[in-house]
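To start, the structure under review is shown below, and the notes come after it.
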Amino acid sequence: MNLPANLLASFEPTADDPFDLAKAGHLLRRAGFGGSLEEREGLVTMGVEAAVDRMFGEGPGEDVDTVLEDAVEFSDIQRARAYRFWRMLRGRHRLRERMSFFWHGHFATSNQKVKSARMMLGQMATFDRLGLGTFDELLLAVSRDPAMVRWLDNDSNVKGRPNENYPRELFELFTLGRGNYTEDDIKEAARAFTGWHLRHEAFHFRSGAHDSGDKQVFGKRGRFGGEDIVAMTVRRAASARFIARKLLEFFVHPEPTEEEIEALGAAYRRRGRHLGNTLEILLRSRLFFSSRAYRSRIKSPVDLTVSLVRSLGAGAVPLPLADAAASMGQALLEPPTVEGWHEERAWISSATWLLRSNFAGRLFGGGAMKLEPSVDELFKDHATPRQRGEHGLRLLLDGVVSDDARAKIHAFAAGAAAQGPGGTAALLQAIQCLPEGQML
Amino acid sequence: MASAAQAAPAAPQDTQQRPTPRELTAYLPADTPLVVDLHDGEACVRALWSLAEPLPRGLPQPAAAVMRALPLLVKGKTGMTPEDLLTVFAPGQVIAAYFPAGPDGQEPFPVVMSRVDDPEEIRRVVKRLGVKLPIHIQDRILTLSNTRRNLERALRFRREGKASLLQDRRYIEGRAELKPGRSVRFYLNLDYVRRIRQRGFFEALPSPVRLLAGPLAHVLDTASRLDGRLDFLPDGVALSGHVDASPSGGAKDGPPVASLLRHGTNERRVPPAPEGTVASLYLDRDLEAFFKNADRLLDEDAATNVKKFLTGANQVLGSLDFTEGLLPALELPGAIFVTDTAPEYGEAQPRVKLPAFTLVARMTGHEERAAKRALVRALGAIGFIATNARLQNKQYPVQLRMRTQTRDRYQLQYLTYGDWDGPGRPPTDLNFGITLLFAHGHLILSSTRDGAVRAATAINALPAESAGRAVRGDYLRVTGAGVARYFHENLGILALDRVLKEGGTLQQANQFWDGAIAVLGALEAEVNVAPGQGDTGFRLSLRRVSR
Chain A
5 MNLPANLLAS
15 FEPTADDPFD
25 LAKAGHLLRR
35 AGFGGSLEER
45 EGLVTMGVEA
55 AVDRMFGEGP
65 GEDVDTVLED
75 AVEFSDIQRA
85 RAYRFWRMLR
95 GRHRLRERMS
105 FFWHGHFATS
115 NQKVKSARMM
125 LGQMATFDRL
135 GLGTFDELLL
145 AVSRDPAMVR
155 WLDNDSNVKG
165 RPNENYPREL
175 FELFTLGRGN
185 YTEDDIKEAA
195 RAFTGWHLRH
205 EAFHFRSGAH
215 DSGDKQVFGK
225 RGRFGGEDIV
235 AMTVRRAASA
245 RFIARKLLEF
255 FVHPEPTEEE
265 IEALGAAYRR
275 RGRHLGNTLE
285 ILLRSRLFFS
295 SRAYRSRIKS
305 PVDLTVSLVR
315 SLGAGAVPLP
325 LADAAASMGQ
335 ALLEPPTVEG
345 WHEERAWISS
355 ATWLLRSNFA
365 GRLFGGGAMK
375 LEPSVDELFK
385 DHATPRQRGE
395 HGLRLLLDGV
405 VSDDARAKIH
415 AFAAGAAAQG
425 PGGTAALLQA
435 IQCLPEGQML
Chain B
2 MASAAQAAPA
12 APQDTQQRPT
22 PRELTAYLPA
32 DTPLVVDLHD
42 GEACVRALWS
52 LAEPLPRGLP
62 QPAAAVMRAL
72 PLLVKGKTGM
82 TPEDLLTVFA
92 PGQVIAAYFP
102 AGPDGQEPFP
112 VVMSRVDDPE
122 EIRRVVKRLG
132 VKLPIHIQDR
142 ILTLSNTRRN
152 LERALRFRRE
162 GKASLLQDRR
172 YIEGRAELKP
182 GRSVRFYLNL
192 DYVRRIRQRG
202 FFEALPSPVR
212 LLAGPLAHVL
222 DTASRLDGRL
232 DFLPDGVALS
242 GHVDASPSGG
252 AKDGPPVASL
262 LRHGTNERRV
272 PPAPEGTVAS
282 LYLDRDLEAF
292 FKNADRLLDE
302 DAATNVKKFL
312 TGANQVLGSL
322 DFTEGLLPAL
332 ELPGAIFVTD
342 TAPEYGEAQP
352 RVKLPAFTLV
362 ARMTGHEERA
372 AKRALVRALG
382 AIGFIATNAR
392 LQNKQYPVQL
402 RMRTQTRDRY
412 QLQYLTYGDW
422 DGPGRPPTDL
432 NFGITLLFAH
442 GHLILSSTRD
452 GAVRAATAIN
462 ALPAESAGRA
472 VRGDYLRVTG
482 AGVARYFHEN
492 LGILALDRVL
502 KEGGTLQQAN
512 QFWDGAIAVL
522 GALEAEVNVA
532 PGQGDTGFRL
542 SLRRVSR
């Protein structure tokens, strides 16, 4: 039965449908960029309840927040990008990093126009701070975010000459979706956001540039300011559905059903638009752990690069990793447009396929990314080709592949290419190049 | 690498006993390209090790622990203490050299020779190490090379008794003398190196560094040898030497590198270092000659860039031509100082702490008034251009205004972003401005106002009859403690940068920089490259200043 209420009912493991390595791996990948075999096995042992709790808590890693003040001094976007990669690789609060990545794609803001690594990192810090809180608070902070103000030209939005860029994208791409507002709503909302400017690259409200007159938005009349527009927008039913759809597309399945959207939207509204609480329901749900959700998304370049390193339980150098993701079409902090990146099948083409495959080869083979420990070290306790093949499949794919794929991998492991120096790297590259290796 | 060392078969017994020469260099061929000669290997290594004692303050625990454990590690591996190993392997003269290429096209190869007292002990240690080393011991001379074949070539030369390095005119003429005990001699056969390279040092230099390193590269192109000596001092090491050519040498139709030197072999007086100087650089260069001969000194792209620079410079200077008018008015490049500096913009300071960078050049008196006017005008123009560039790039702070201020009775003209009144810390850009100050017959150009005033104060403090310190050639001095202080102030950024570029954890990165700061903080460096009559001398000294 697929009534909305049951869709979000908690997943309860059974003998036929246990919380196994595959599900633990699924949870870690979707909610935290992946984890080592040891971590996955650990989650299986602790059970699904505790495993989901773990995603919301603190795990091993570095205290990445203490160095933000240093990171913003990097004036080049390349190092700023590497810093965010480092957080994804080493941060203790993995769900928080995952949500910041989600919001970065949602409130897509590009340094190509902002031209300030400091401001871009500031925006990401806002996502870190508020990304799992209420959407109200997050949206208000984003509306005032200096990078966003510059990106969508709100710093030239003045009384008498309102600039509609920000409210248009606010309604269309950030909160409501097309068909849920009118052109007049945009025009009037633009007036409300006049004076929301910058000074010294920080938000500054210029009262002299603000249109404080009467406005009509969403059928209501008043002397609305930007805060009022934010508050009204988030309360609209369309906003709940819009956010629910986005969360489902990111965490569950790229094409959520209307029932799923309705169910999650209702849960989101019931919980006062609290994103963390809503996400908790989703991550504990049968829907999340269903076969429909498992490996239903194609890894973005960021997912591919970070999850490969994490799945090996290894460390790597952030800068070349970030550059590799950029070369595959996803330059963090520089999405191509305000719509963000086109996901899923857009990541796979004959050209990007080669890049993805070569990346895996370079990562496993050592070199500039300095995988640590090396793949040879990771396989030292697995001597026979069969053991090596199985270990590789468990490391990268939770051991879940078709019989045909398994047979091919075992044959490869027994062949000359997988022996001797570079053999382990070649074996892992072969596994990674399976279709399953491209799926999140 | 697991089997025991194999000694080469002993050479056939001579019917006549040949006397063993005193110098091991007698066993090197005449055109040996490189020799490093330790007269007393044991004394040199002990001297080097003693410089590390005590370990620099602040060296991170893991590094300090490794240093302390090294003797135990050596003993564990070899069965002998480091001191005993030294006595066995290097009790006397030790030379390391490169054998020249063979007549059959064999590549040059490395060889090490050492006078030893106990060959049997050496064989025991090598066997215990379990490494396969191409070594040979005969007549109490240990010979080691990188391959068996090369070892044979070295031994064959010894047996054949052909003309050795001791008979090479270049080697003999080298004036560097080896002090008994604590010094190391270097010899580089530049004739040979040039034959191998088939490309000159000057030609190989990238154009952007030819102004700086061109004269030295040119000297290497025209010299037959380089001789040096590394002395172990109570508190450091000093490398000194000479190249048997002066910058004025070279083909008549070659690049006019000699013209780059303004003073050449003569001593000159240079401005004194201001208070809080971390590094001083004095370069003897004739910029007028450089710009006039850019076409011949630089590659095509660089020469074009120089022309573009001159076009731009002449535009901002106005009526005064850069090369014909401004350069003759100044003794550029003068002196460059890196100094501590007071905060530039009041209480709020950028997170990145930087020193001031100051240029000081004596004014010659030629068109002085015009030069001063032109420089002030240029300052305003630079502010205008920079403001527009920053505006286009949406960089903050944007506005660079020109102001005049009197401080300590000096009148400064400077570009300023204005006091920071924004939230949080100001950006790193606020470390940099341009301050112009004319004082005591000098032009002073600094990245901060305080830096400029310090330089002027230092000049003013000279006794009336003194014109500054005397220097010949190029001179660089760096105070390790001063540099270390800035690294320490910016440790967080440096550590994070290392993590992002090299990987590892923050803790590891902090330890790396702590170690670098500890070592740097204990050192002072001086470099002097000075042309002489028919040769060029150089000196590099590294002193340990705090124990």
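Read top to bottom, the protein sequences are chains A and B. Counting from 5, one number per residue, gives the positions in the first sequence under the numbering used here. Counting from 2, one number per residue, gives the positions in the second sequence under the numbering used here. Just so it is clear, CB atoms sit at the ideal spot from N, CA and C, and this is done for glycine as well.
Check your understanding: For Leu283(A), which option in Lys27(A), Met103(A), Phe383(A) and Val71(A) has the closest C-alpha, if you only look at C-alpha atoms?
Key -> Met103(A)
**Study point:** Member of Ala418(A), Val379(A), Leu11(A) and Ile352(A) whose CA lies at the smallest distance from the CA of Gly365(A)
**Key:** Val379(A)
Check your understanding: So, is the C-beta of Leu507(B) closer than 8 Å to a C-beta in chain A?
Key -> yes
Exercise for review: Determine contact between the region 297-309 of chain B and the region 345-358 of chain B, defined as no fewer than three beta-carbon pairs at a distance below 8 Å.
Suggested key: no
Review point. For a contact meaning CB atoms closer than 7 Å, what does Val500(B) contact in chain A?
Key: Trp90
Review point. Once you ignore the five residues that flank Arg245(A) on each side, which residues in its own chain have a CB closer than 7 Å to its CB?
Key: Ile265 and Gly269
Point to revise | Residues of its chain near Ala5(B), where Cβ-Cβ distance is below 6 Å and the 5 sequence neighbours each way are ignored | key: With a pLDDT of only 34 at Ala5(B), under the threshold of 50, the placement of this residue in the model should not be trusted; the figure read from the coordinates follows. Around Ala5(B): Lys128.
Check your understanding: So is the beta-carbon of Gly135(A) under 7 Å away from any non-hydrogen atom of the ligand NAD?
Key -> Ligands in the displayed structure: none, and consequently the ligand NAD is not present.
Review point. Does the beta carbon of Arg349(A) come closer than 8 Å to any beta carbon on chain B?
Key: no
**Study point:** Within chain A, the residues that Tyr397(B) reaches when beta carbons sit closer than 7 Å
**Key:** His204 and Glu205
Practice item. Let me know if Lys163(B) comes out buried or exposed under the rule of 16 or more other beta-carbons within 10 Å of its beta-carbon. Key: exposed
Practice item. Give, in chain order, every residue of the region 411-430 of chain B whose Cβ lies closer than 9 Å to some Cβ of chain A. Key: Trp421, Asp422, Gly423, Pro424, Gly425, Arg426, Pro427, Pro428, Thr429 and Asp430
Exercise for review: Excluding the 5 residues preceding and the 5 following Gly42(B) in the sequence, name in chain order all residues of the same chain whose CB lies nearer than 8 Å to its CB.
Suggested key: Leu87, Phe90, Ala91, Pro92, Gly93, Gln94, Val95 and Ser115
Check your understanding: Mind checking Ser295(A): buried by the 16 CB within 10 Å criterion, or exposed?
Key -> exposed
Point to revise | 8 Å Cβ cutoff met for Ala362(B) and Leu333(B) | key: yes
Exercise for review: Output, in chain order, the set of chain A residues within a Cβ distance shorter than 8 Å of Glu503(B).
Suggested key: Val321 and Lys374
Practice item. Provide the residue span of the beta strand (DSSP E) that contains Gln139(B), from first to last. Key: Pro135 to Gln139
Check your understanding: Counting Cβ pairs, one atom from each stretch, are 3 or more of them under 8 Å apart for the region 248-262 of chain B and the region 283-290 of chain B?
Key -> yes
Check your understanding: With a CB to CB cut of under 6 Å and the five nearest residues on each side skipped, what residues in its chain are close to Ile201(B)?
Key -> In the sequence under discussion, the amino acid at residue 201(B) is Gly, which differs from the Ile named in the question. Asp222, listed in sequence order.
Check your understanding: How would you call Asn158(A), buried or exposed, if buried means at least 16 neighbouring beta carbons within 10 angstroms?
Key -> buried
Exercise for review: Could you tell me the boundaries of the alpha helix (DSSP H) in which Gly109(A) lies?
Suggested key: Arg98 to His110
Check your understanding: Within the 8 Å Cβ cut-off, does Ala352(B) reach chain A?
Key -> The sequence given here has Arg at residue 352(B), not Ala. Yes - at least one Cβ of chain A is within 8 Å of the one on Arg352(B).
Check your understanding: Would you call Thr436(B) buried or exposed, if buried means 16 or more other Cβ atoms sit within 10 Å of its Cβ?
Key -> buried
Review point. Residues bridged to His278(A) by DSSP?
Key: Thr138(A)
Check your understanding: Since Gly319(B) contacts Arg404(B) with CB under 8 Å, what's their CB separation in whole angstroms?
Key -> Incorrect: roughly 20 Å between the Cβ atoms, too far for contact.
Practice item. Return helix, strand or coil for Pro532(B), following the three-state DSSP convention. Key: strand
Exercise for review: Answer with yes or no whether the minimum CB distance from Val404(A) to chain B is below 8 Å.
Suggested key: no
**Study point:** Beta-carbon separation (whole angstroms), Glu77(A) vs Arg352(B), contact threshold 8 Å
**Key:** 5 Å
Check your understanding: In terms of residues, what are the limits of the beta strand (DSSP E) holding Phe338(B)?
Key -> Ala336 to Thr340
Exercise for review: Ignore the nearest five residues each way along the sequence and tell me which others in Ala315(B)'s own chain have a CB closer than 7 Å to its CB.
Suggested key: In the sequence under discussion, the amino acid at residue 315(B) is Asn, which differs from the Ala named in the question. The answer, listed in chain order, is Asp322 and Phe323.
Check your understanding: Ala112(A) and Thr341(A): beta carbons closer than 8 Å?
Key -> yes
Review point. Does Ala35(A) get closer than 8 Å to chain B when you measure Cβ to Cβ?
Key: no
Exercise for review: Within 10 angstroms of the Cβ of Asp140(B), are there 16 or more other Cβ atoms? Answer buried if so, exposed if not.
Suggested key: exposed
Point to revise | Alpha carbon of Glu141(A) to alpha carbon of Ala129(A), nearest angstrom | key: 14 Å
Point to revise | Backbone secondary structure at Val342(A) - three-state DSSP | key: coil
**Study point:** Complete alpha helix (DSSP H) runs within the region 230-287 of chain A (minimum length 4 residues, chain order)
**Key:** 230-239, 241-255 and 262-274
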